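Here is the structure we will look at.
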Amino acid sequence: MFPFIMIVSALVFFDSSLHEKIIAYLRRFLSPLSTLLGPLSRKRTNNKPFVIKYQKVIIPVLVIFFTIQLVLPWRYLAYPGELFWTEEGYRFSWRVMLMEKMGNTQFKIVDGSGQSFYVQNDDFLTSFQEKQMSFQPDFILEYAHFLGDHYSSQGYKDVKVYVDCYAALNGRTSRRLVDPKANLYQIKDSFQHKDWLLPLEDEIKGL
């Protein structure tokens, strides 16, 4: 969506003659609608005040809609830590092309008997899916639950899922993103703070 918004916004830098041509084109394009708008224009000639139909419903809906659009991008302030590191409240926060992040994850499955083994991610994910999962906490948690469900269905008892995850953010050296002692299979995704994420221990200026 962002590229299209920028393309349309770029028109303000062009000469006014271009704007006039666009308006003239739109008038020609929309001229067939004049027959439909004719009755409406005739109605406006009387002395009765113009009343929007369903006004009592439309106005509250619009107020709620625009309130959500203005407030939702700021929800990241409710979470501790750096936004780009934890990505809590990152989506729909109107931060575009400000983050370069990559990661590496290795999942370990432990059953009730204490036996453990490591998962080959390419057995379940494409290379693109693995790349996206490796640094996004919600994807990591979702994939951990997928693995837990998969191996539970294969007959493993009391499955636990741990991950050894390192991520690099905006040129910084790789550091642990996820607590390696956290059993992700027991953690449910929610809007609460993800305390199983390790802090960045660095400050990002200007955000």
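When you read off a place in the sequence shown, starting at 1, and then add 139, the result is the number in my numbering. Ideal Cβ placement from N, Cα and C applies to all residues, glycine included. Predicted model only: the values in this text are computed from it and were never measured.
Of the candidates Val302, Val298, Ser255, the residue whose Cα lies closest to the Cα of Phe278 is Val302. The region 319 to 339 makes contact with the region 210 to 221: 3 or more CB pairs, one atom from each, lie closer than 8 Å. Cβ-Cβ distances below 8 Å link Val258 to Gln245, Phe246, Lys247, Ile248, Leu286 in the same chain, with the five nearest sequence neighbours on each side left out; the list follows chain order. Residue state for Gln245 is assigned as strand, using DSSP reduced to three classes.
DSSP, reduced to helix, strand and coil, places Val196 within a helical segment of the structure shown.
Here Ser255 is bridged, per DSSP, to Val249. In its chain, beyond the 5 residues on either side, Leu211, Pro212 have a beta carbon closer than 7 Å to the beta carbon of Phe231. Between the alpha carbons of Leu209 and Glu340 lies a gap of roughly 30 Å.
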